[in-house]
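Each protein sequence line maps, in turn, to chains A and B. First residue of the first sequence: 773, per the working numbering; consecutive thereafter. First residue of the second sequence: 773, per the working numbering; consecutive thereafter. Backbone N, C-alpha and C fix where the C-beta goes; we use that ideal spot for every residue, glycine too. Here the structure is laid out as structure tokens; the discussion comes afterwards.
There are 2 protein chains.
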Amino acid sequence: MFMQNKPSNFINNTVKCESCSLVHVCLPSGLSSSEMSLLETSIDKTTKINKKETVFKANDEIEGIYAVKSGALKTSISNRDGQEQILEFHLPGDMLGFDAFNQGIHTCNATALEDTLLCKIPIETFDSLCEKLPGLRRELRHQVGKEIAHNQSLLLSLGQQQTDERLATFLLKMSDHYKSRGFSSNEFVIPMPRQDLSNYLGMAVETLSRIISRMTESGLIKMDRRVVSIMDLEKLQALAHSSC
Amino acid sequence: MFMQNKPSNFINNTVKCESCSLVHVCLPSGLSSSEMSLLETSIDKTTKINKKETVFKANDEIEGIYAVKSGALKTSISNRDGQEQILEFHLPGDMLGFDAFNQGIHTCNATALEDTLLCKIPIETFDSLCEKLPGLRRELRHQVGKEIAHNQSLLLSLGQQQTDERLATFLLKMSDHYKSRGFSSNEFVIPMPRQDLSNYLGMAVETLSRIISRMTESGLIKMDRRVVSIMDLEKLQALAHSSC
DNA sequence: CGGGAAATTGATGACTTTCAAGGTGTGTGG
DNA sequence: CCACACACCTTGAAAGTCATCAATTTCCCG
């Protein structure tokens, strides 16, 4: 059918960073091997979060920085009225926890979309390692820059695009993501239900469903539940107004 | 009438950080006096940007980190199709430039809304200072955290709120901002035209104008061009669904 | 004081949400 | 292994929100 998105170390959750299939996209990617081994001694690689459970919540004090090994998470914020906005989906290799950098308090919730394995670096350890390792500081900046860029891109989408353009943009981003990790860019499985995706894209679930139907009829895509097939890349790109 | 938003050092643009009226909100706020003086020697305090000119553009290589001394800027991104989204307005004391942290390349444009004075720290200097000064690293993280929090908040607004709720949220944020800097929270001047504000809030100019009219009729606010008066704080907060 | 940008207002139509109903798939317990 | 319950997803109809086009007014700058 199509490639699974599970990394090979799904079972062995204490694999070394240098042997981890995610090493090139994860925090250690820019570190020297000596830096990596120093970092490695401080990583708790045993954190498991069950589906629908949270890694942290808004107003929690920061405990650490996390990297997703397998599974998937969403981060979201809400206001007093209960309005909620999903900010980002975190796939294997993605980092999270930077939202607490301002006050040491998390501003968002991180919830598992499926059973998820994490690497955790306690914040104190992380801080002291940053003192010692210039490479880690650089990597931190890259990761933070990525997060800022992601937010900016989503703002553009929510602020200026129509609903169908938003979905097209999202699908192209996912396609690129999987492609960059060696998976198929035409067929992939997204980890979130319609409800979460529609919230992320700032529209009603029904609207999302209708768009999917329309885009399927037009021969742009197929979406069977969470299995996405991109049928006409060029048209999809034209719809998204971007090269991605 | 109401207090001007010009800091007292508008003319003297080479005032020392410790004497600057913005010291408590700017980068040096968490530094010791020795750290501050070390930082100070590396700051170029003479950068002046005229209205409608840019500090940097998307795809520019990062030159430095900036702090707004007086005036105001907007940062914005756009895609191939020319769709543009304003990401943030930067008022005196705000920092910018972190968007280039991922690749060393700016992802957004920074444009002056009015004649603006900036403090500039060349990126190489900034990097090497970060090596030496733990306090600066901490401050950097705070500033970056603030930026992330701002983006998250705007995402919630664009993704989940109606147009009038978005404006209410924005006005309350501005009110809080000026209040925290010792200005009136009921009457203040915003630095951007309707066009920019409507773009920022993800709506058409006409829609913004209509909302203002409606909210004026309801006795919530008054807005004479850029002069904002908050007439009924509680109703405004209720509309925004938040305490801010 | 005049020209032009900025802002407001009105009419219309497109897009999106909401409410409602029905369909599809999955997982669990008998 | 089947059946049922439930969550997830889709579709339809109606209503509401917002954008667009157009015209007008207001204000600012030279």
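- Per the DSSP secondary-structure output, A/Asn-881 pairs in a beta bridge with A/Ser-848.
- Any Cβ of chain A closer than 7 Å to the Cβ of B/Asn-881 would place that residue at the interface, and such an atom is absent.
- Listed in chain order, the non-local C-beta contacts of A/Ile-984 below 8 Å within the same chain comprise Leu-939, Ile-993, Met-995, local neighbours out to five positions each way being set aside.
- For A/Cys-891, the enclosing beta strand (DSSP E) stretches over residues 888 to 894.
- Collapsing the DSSP output to three states places A/Gln-875 in coil.
- B/Glu-978 and B/Ser-990 have their C-alpha atoms roughly 18 Å apart.
- Looking at the backbone, the Cα of B/Leu-928 and that of A/Ala-830 are separated by about 14 Å.
- Listed along chain A, the residues sitting closer than 7 Å to B/Gln-857 by beta-carbon distance are Leu-927, Leu-928, Gly-931, Gln-932.
- Residue state for B/Glu-959 is assigned as strand, using DSSP reduced to three classes.
- Boundaries for A/Glu-989: no beta strand (DSSP E) harbours it, while the alpha helix (DSSP H) harbouring it runs 977 to 989, taken from the DSSP string.
- For B/Ile-920, same chain residues with a beta-carbon under 7 Å away, outside a window of 5 residues either side, do not exist.
- In the displayed model, A/His-862 falls within a strand according to three-state DSSP.
- In this structure, DSSP gives A/Glu-856 an extended state, which the three-state scheme calls strand.
- For A/Asp-996, the enclosing beta strand (DSSP E) has its first and last residue at 993 to 996.
- DSSP assignment within the stretch 925 to 972 of chain A yields the following whole alpha helix (DSSP H) runs of 4 residues or more, N-terminal first: 935 to 952, 966 to 972.
- Taking a C-beta cut-off of 9 Å against chain A, the contacting residues of the stretch 862 to 874 of chain B are Phe-870, Asp-871, Ala-872, Phe-873, Asn-874, listed in chain order.
- At a Cβ-Cβ threshold of 7 Å, A/Gly-865 and A/Val-797 count as neighbours.
- In this structure, DSSP gives A/Asp-816 an extended state, which the three-state scheme calls strand.
- The C-beta of A/Ile-849 comes closer than 7 Å to at least one C-beta of chain B.
- Ranked by Cα distance from A/Tyr-972, the options A/Phe-960, A/Ser-842, A/Ile-849, A/Lys-841 are led by A/Ile-849.
- Excluding sequence positions up to five before and after B/Leu-863, its CB lies within less than 6 Å of the CB of Ala-844, all in the same chain and listed in chain order.
- For A/Ala-921, the C-beta contacts it makes with chain B under 8 Å involve Asp-871, Asn-874, Thr-879, in order along the chain.
- For A/Ala-839, there is no enclosing alpha helix (DSSP H); the enclosing beta strand (DSSP E) covers residues 836 to 842.
- Here A/Arg-913 is buried. Its C-beta has 16 or more other C-beta atoms within 10 Å.
- A Cβ-Cβ distance of about 12 Å is found for the pair A/Ile-1002 and A/Leu-1011, leaving them out of contact under the 8 Å criterion.
- Annotation for A/Ala-830: no alpha helix (DSSP H) segment contains it, and DSSP assigns it neither H nor E.
- A/Ser-804 carries a coil assignment under DSSP once its states are collapsed to helix, strand and coil.
- A direct Cα-to-Cα measurement between B/Arg-966 and A/Asp-887 gives close to 47 Å.
- When rounded, the separation of the alpha-carbon atoms in B/Lys-841 and B/Leu-794 is 8 Å.
- Going by DSSP, A/Val-1000 is part of the beta strand (DSSP E) stretching over 999 to 1002.
- Legend: CB atoms of the stretch 822 to 842 of chain A lying less than 9 Å from CB atoms of chain B are not found in any residue.
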